[in-house]
Each structure stands twice: as C-alpha cells, then as structure tokens.
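In my numbering, the protein residues as written are 14 to 157.
Read through the structure below, which is laid out as structure tokens, and then see the notes.
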C-alpha cells in the first residue's frame, strides 16, 4: 500500500474548560475535554474522533465493496456504538443496506458477505483490533 499522510492542526484557547478548533483538508470541528473530566464539553472529544474514524473507515470500505459488486443499493446507513470501561474498549457497527426491490437473492447474499468483508478490510478497524479493541458488526440487508 502507498504511504498515506494526514495533516491536522488544532488551535486551543481557554485552558481545560476551553476548546480547540481542529482543521484538516476536509474537516473542521471544535474539540474539547468532556465535562465528566472537568472540561467545558463544548466540542467533540478524542474518543468520539477515534470511533468516528473507525466508523468512517468501515462505511467507506463497505461502500467500495458494494459498488465493486455492482449491487443495486438504494440506501446505506450505519449506527455505531462504543463503550469504554475497565473491561475494555468495544465498538459495535450496525450497517443497514437497502437494495432495490428487484434485487435478486444473489444480490442480497453478496451484500451480506460485503458486510463481513468490510470489517476485515477496514485498516483503521484492523489497527484498533491489534490494540485490543473489540469490534463487532451486526448488519442488515433489506429491499425497497
């Protein structure tokens, strides 16, 4: 794989109850220390950014796989939940693929395989798994 580089910049103001502005090529968002940790909570926190990265990687990989398979996708959504505790770090992806009403059983089965394949192909998820994060995927394919 070719080397990929990412450049980010954060400007922080206001101490621990303040916030920063994170900017990258296609991203600008406020970041902050959560109120539960004594911060102001006026922006996303590092855990949300990490889970967002894993979710974005998964759905982009899934999108690529579905398009490569030329499946008649009408809608693609994902809901991700993460829990972090003394027991560990768990991420649960719940992708929902809606195929066209005239999709065949082969299309449905191919979409179901893509749900599993995207988990194996997501590089961010694979890095997190190597670090001990448990990632589960429970997807659903339906017709419209």
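C-beta atoms are modelled at their ideal positions from N, C-alpha and C, and glycine is treated no differently.
Smallest Cα separation from residue i: which of the options?
| i | options | result |
| --- | --- | --- |
| residue 125 | 138, 108, 113 and 139 | 108 |
| residue 39 | 21, 152 and 111 | 21 |
| residue 93 | 36, 69 and 154 | 69 |
| residue 67 | 113, 102 and 123 | 102 |
| residue 95 | 35, 59 and 118 | 59 |
| residue 134 | 48, 123 and 73 | 73 |
| residue 157 | 47, 61, 117 and 148 | 117 |
| residue 97 | 83, 82, 123 and 61 | 61 |
Using the three-state DSSP reduction, which class does residue i fall into: helix, strand or coil?
| i | result |
| --- | --- |
| residue 109 | strand |
| residue 143 | helix |
| residue 134 | helix |
| residue 15 | coil |
| residue 63 | helix |
| residue 117 | coil |
| residue 125 | helix |
| residue 41 | strand |
| residue 33 | strand |
| residue 101 | strand |
What's the gap between the Cα of residue i and the Cα of residue j?
| i | j | result |
| --- | --- | --- |
| residue 26 | residue 63 | 22 angstroms |
| residue 104 | residue 28 | 30 angstroms |
| residue 57 | residue 24 | 14 angstroms |
| residue 15 | residue 76 | 21 angstroms |
| residue 50 | residue 91 | 29 angstroms |
| residue 155 | residue 79 | 14 angstroms |
| residue 85 | residue 120 | 8 angstroms |
| residue 132 | residue 150 | 7 angstroms |
| residue 17 | residue 41 | 20 angstroms |
| residue 114 | residue 106 | 25 angstroms |
Going by the CB atoms, is the gap between residue j and residue i shorter than 8 angstroms?
| i | j | result |
| --- | --- | --- |
| residue 145 | residue 128 | no |
| residue 53 | residue 44 | no |
| residue 88 | residue 111 | yes |
| residue 141 | residue 148 | yes |
| residue 48 | residue 37 | no |
So residue i and residue j are in contact, right, with Cβ under 8 angstroms, and what is the actual spacing, rounded?
| i | j | result |
| --- | --- | --- |
| residue 71 | residue 130 | In fact, because the Cβ distance is near 11 angstroms, the residues do not count as touching under 8 angstroms. |
Taking only heavy atoms of the ligand SAH into account, decide whether any of them is closer than 7 angstroms to the Cβ of residue i.
| i | result |
| --- | --- |
| residue 65 | What this structure holds is no ligand at all, so the ligand SAH is not there to describe. |
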